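Worksheet: the structure to be examined is printed underneath.
Residue numbers (this note's numbering), protein chains in the order written: chain A, 4 to 600; chain B, 325 to 679.
This is the structure we're talking about:
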């Protein structure tokens with residue numbers, strides 16, 4: 004009994020008596036708010052690298068084999084005379100994919116906002132384990148460093164595509180990048196997965212155990228539901244990729260034959276017998292497909308929250324939103340085969356996966372319609388975060404719709420691995436998730452740094468990005484339907500595609516403009532940390548708990564007692580209240596009923 | 325040169341951004357700007373929403389008009405091609421309708437319900453009927469698409485062996501294709517990469533003692549008789565490749581260690597395809613582009629580009645290494661007589677070996 008009282012007293016005193024040194028505050032911090040900033044900054048740096056790579060390979064596609072001073076400066080020996088080498092082209096494509104999917108949109112997005120918002124929105128002092136949380140970040144940092152180091156090895160970084168299908172990724176004689184570059188890639192990813200698992204377990208435990216008094220599961224903001232379910236998907240699927248990576252390491256270094264069989268290369272027969280690359284494809288996509296939901300669900304959660312807050316309206320269909328998150332999460336684990344319709348697996352499996360894949364369109368459609376209804380008859384505040392949220396819904400619809408073509412095995416035959424696929428997944432999970440991330444940054448920036456970002460720069464950033472995103476990816480559908488395969492270093496060996504060359508130039512011009520305008524965001528972000536206008540307590544007039552905590556950095560989040568929760572997170576413009584929002588910690592008025600949502 | 329110009333443009337844009345940033349910073353001095361959207365911001369961005377909606381519609385129309393003629397889409401050259409194309413067109417129409425309506429609603433609502441001081445939003449949290457409607461409508465539409473899709477898929481993938489198809493092996497290696505015909509018995513001899521012997525030119529690893537292998541024919545061009553079902557058996561000797569024949573709506577991965585298959589019936593000969601108006605237009609267009617480029621090359625003193633003539637192609641469509649971008653084989657569809665004459669000229673396996 005007395006121990007309990009002690010803990011309690013200790014908890015309440017949190018933040019007052021902690022002596023923090025520079026190292027414990029900024030480097031080996033166990034505070035979730037600091038860890039979230041560390042994730043964000045690391046993710047941003049990786050994002051800059053990833054985007055720069057995409058601009059380089061887009062220039063190569065638009066102006067193939069032409070000397071370019073940018074290549075000469077950045078690629079060195081890989082661009083003799085400024086002409087990009089075919090090997091480094093594939094490496095750029097590979098590392099761009101890896102960095103954007105895992106390092107930016109998984110760690111940078113989920114890591115940042117799960118860490119920042121879970122304790123603050125559920126009313127907890129910190130994560131369940133601050134120590135594991137710290138380890139999780141530093142493993143992520145380590146894996147980022149290894150991935151960056153892999154860019155500089157003698158024979159080049161991994162270049163087998165971000166899906167690293169063996170045998171190409173397993174045999175150094177098949178491709179220069181499959182030597183040391185691929186080893187580092189695998190090591191980096193193994194560490195990354197460990198980091199992601201530690202983080203996810205922490206999020207799950209925190210959401211289940213540390214909700215404040217009154218915060219029932221049906222009062223949770225949708226952000227928390229999204230982070231929670233994302234973490235569960237991560238825990239279920241990431242270990243499978245780890246096993247695939249370990250087995251691949253065994254095949255590469257210890258002579259096993261899990262994925263390899265009957266190979267004759269460079270004049271000799273290799274000893275491998277009995278394995279199958281198709282097994283690797285199954286293992287990879289068992290993570291690979293849920294991965295796109297790991298990327299998009301947190302963005303969906305944040306967009307739901309931001310849309311409700313800025314429309315000054317409750318999110319429409321709160322329960323349906325939760326149900327669709329759960330349905331998407333469940334279905335996401337049984338659709339991986341739609342990446343493998345023409346891999347040589349039994350066509351009957353193709354039928355099954357077509358069926359499960361197209362089912363995902365149903366909860367997705369429910370979400371899209373609910374967002375549209377949320378803004379209907381609202382009082383929409385066009386803050387930058389809101390613009391990015393509307394942009395998110397727009398690109399999610401555009402990109403998601405073409406999923407019914409790619410998910411249909413019969414149609415996939417002809418557009419598989421063409422630019423059509425690139426257009427589809429970039430819009431639906433790349434650009435959308437990125438918009439979700441930008442929306443989150445603009446919205447919670449005051450909470451993170453205690454200052455406001457400049458709104459005019461935000462508007463410029465959004466509108467240019469929005470136009471360029473469509474300019475880049477919309478035409479790609481059409482060159483894909485014309486049969487242009489992806490991952491071609493140049494198309495000039497196929498006169499058949501000569502009439503598509505000008506489309507590629509248009510796309511690249513949009514890509515360059517869009518890429519350059521991200522500098523506006525970077526400037527706004529970094530300069531506002533120091534010179535932004537001081538943020539008020541609750542700048543967006545939101546209902547969730549994070550806006551009740553003091554702006555000033557403190558360990559433990561709230562001085563004194565943690566606020567209790569009396570209502571759901573979406574009491575915006577509720578009749579009978581003067582203000583157009585009622586925070587969750589305000590008790591119900593006499594006679595007021597909590598909505599039976 | 326283009327690349328250099330690009331860099332210059334990038335630099336100018338960067339400078340322009342820098343200038344804009346300065347202007348905004350200066351404009352904010354002395355103003356009690358809270359960085360929260362005002363009624364003015366709401367109005368400006370609301371109009372931008374409508375402009376952006378117009379932009380989406382315009383880019384859609386431009387793409388369809390300029391690049392949507394899709395000769396590959398409208399001119400399939402296989403028996404199952406029209407089935408896929410029909411399904412594709414139905415799916416595209418559905419997508420087009422849904423896209424047009426939902427984007428309109430999203431952007432129009434954002435415009436119409438822009439924030440104004442003193443306005444209060446409607447407290448509207450739930451409506452089960454509405455939600456049931458937009459669950460059930462996608463269910464019905466998707467059920468139709470799934471059923472249609474599965475019938476199409478099954479009819480394509482189930483090869484009917486009773487049709488007595490012509491059996492051809494497609495053999496992939498970094499970075500070229502070979503084709504192997506079964507010869508007079510239309511049966512492929514046993515093979516394994518372990519039997520490859522470069523010294524006696526047994527390049528595909530055929531079993532030299534197998535009687536079925538003796539009359540096999542290995543070629544570097546794929547000839548197909550029109551109207552006859554073909555069953556392809558795919559093999560790869562080193563890494564994953566994908567045999568992509570876009571004009572025939574056909575694709576299958578080539579996997580080392582296993583044999584995969586895909587069957588179709590070519591319906592239009594190469595000669596006939598070259599005469600179709602769509603292809604003639606496409607070829608003329610491409611040749612104009614190539615002529616322009618040749619002029620440019622001539623000023624640099626380089627050789628002009630050959631004029632383009634239409635041919636069916638087999639492309640590699642799975643990343644397979646450095647020269648992935650140039651792994652192709654010509655496909656020629658011809659009449660049975662032309663095919664017979666061609667195949668007679670080819671060397672049988674037993675005669676191609678170096679003794």
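Cβ coordinates follow ideal geometry from the N, Cα and C atoms, glycine included.
Here the structure is a predicted model, which means the values were calculated and not measured.
CB contact below 9 Å: residue i versus chain A
i: residue 439 of chain B; result: yes
i: residue 484 of chain B; result: no
i: residue 660 of chain B; result: no
i: residue 657 of chain B; result: no
i: residue 648 of chain B; result: yes
i: residue 668 of chain B; result: no
i: residue 544 of chain B; result: no
i: residue 634 of chain B; result: yes
i: residue 517 of chain B; result: yes
i: residue 530 of chain B; result: no
i: residue 344 of chain B; result: yes
Within chain A, the residues that residue i reaches when beta carbons sit closer than 8 Å
i: residue 573 of chain B; result: 416, 417
i: residue 579 of chain B; result: 279, 280, 281, 346, 347
i: residue 614 of chain B; result: 498, 501
i: residue 415 of chain B; result: 407, 408, 411, 414
i: residue 466 of chain B; result: 361, 362, 364, 365, 407
Contacts that residue i makes with chain A (C-beta to C-beta distance below 7 Å)
i: residue 406 of chain B; result: Chain A residues near residue 406 of chain B: none, gap ~12 Å exceeds 7 Å.
Cβ-Cβ separation, residue j to residue i (assumed contact under 8 Å), whole Å
i: residue 357 of chain A; j: residue 474 of chain B; result: 6 Å
i: residue 552 of chain A; j: residue 561 of chain A; result: 5 Å
i: residue 251 of chain A; j: residue 172 of chain A; result: 7 Å
i: residue 369 of chain B; j: residue 390 of chain A; result: 6 Å
i: residue 535 of chain A; j: residue 455 of chain A; result: 5 Å
Residue j beta carbon less than 9 Å from that of residue i
i: residue 264 of chain A; j: residue 580 of chain B; result: yes
i: residue 47 of chain A; j: residue 548 of chain A; result: no
i: residue 542 of chain B; j: residue 527 of chain B; result: yes
i: residue 577 of chain B; j: residue 345 of chain A; result: yes
i: residue 383 of chain A; j: residue 227 of chain A; result: no
i: residue 81 of chain A; j: residue 376 of chain B; result: no
i: residue 64 of chain A; j: residue 491 of chain A; result: yes
i: residue 650 of chain B; j: residue 71 of chain A; result: no
i: residue 373 of chain A; j: residue 318 of chain A; result: yes
i: residue 531 of chain A; j: residue 448 of chain A; result: yes
i: residue 275 of chain A; j: residue 233 of chain A; result: no
Member of the options whose CA lies at the smallest distance from the CA of residue i
i: residue 404 of chain A; options: A:544, A:444, A:363; result: A:363
i: residue 481 of chain A; options: A:465, A:421, A:586, A:513; result: A:421
i: residue 381 of chain A; options: A:365, A:416, A:310; result: A:310
i: residue 598 of chain B; options: B:541, B:644, B:671, B:636; result: B:636
i: residue 609 of chain B; options: A:120, A:505, A:67, A:302; result: A:505
i: residue 366 of chain B; options: A:314, A:141, A:569; result: A:314
i: residue 266 of chain A; options: A:202, A:192, A:169, A:321; result: A:169
i: residue 442 of chain A; options: A:423, A:464, A:430, A:284; result: A:464
i: residue 516 of chain A; options: A:527, A:37, A:475, A:446; result: A:475
i: residue 638 of chain B; options: B:496, B:484, B:455, B:332; result: B:496
Closer than 7 Å at the beta carbon, the chain B residues around residue i
i: residue 386 of chain A; result: 360, 361
i: residue 490 of chain A; result: 643, 648
Chain B within 9 Å of residue i, Cβ atoms only
i: residue 220 of chain A; result: no
i: residue 435 of chain A; result: no
i: residue 480 of chain A; result: yes
i: residue 539 of chain A; result: yes
i: residue 421 of chain A; result: yes
i: residue 494 of chain A; result: yes
i: residue 468 of chain A; result: no
i: residue 40 of chain A; result: no
i: residue 139 of chain A; result: no
Where residue i meets chain B, residues with beta-carbon distance less than 9 Å
i: residue 83 of chain A; result: Chain B residues near residue 83 of chain A: none, gap ~15 Å exceeds 9 Å.
i: residue 132 of chain A; result: Under the 9 Å cutoff, chain B gives no residues; its nearest Cβ is about 36 Å from residue 132 of chain A.
Chain B contact residues for residue i, given Cβ-Cβ distances below 8 Å
i: residue 315 of chain A; result: 439, 444, 445
Under 9 Å by beta carbon: chain A residues contacting residue i
i: residue 365 of chain B; result: 384, 385, 386, 458, 459, 462
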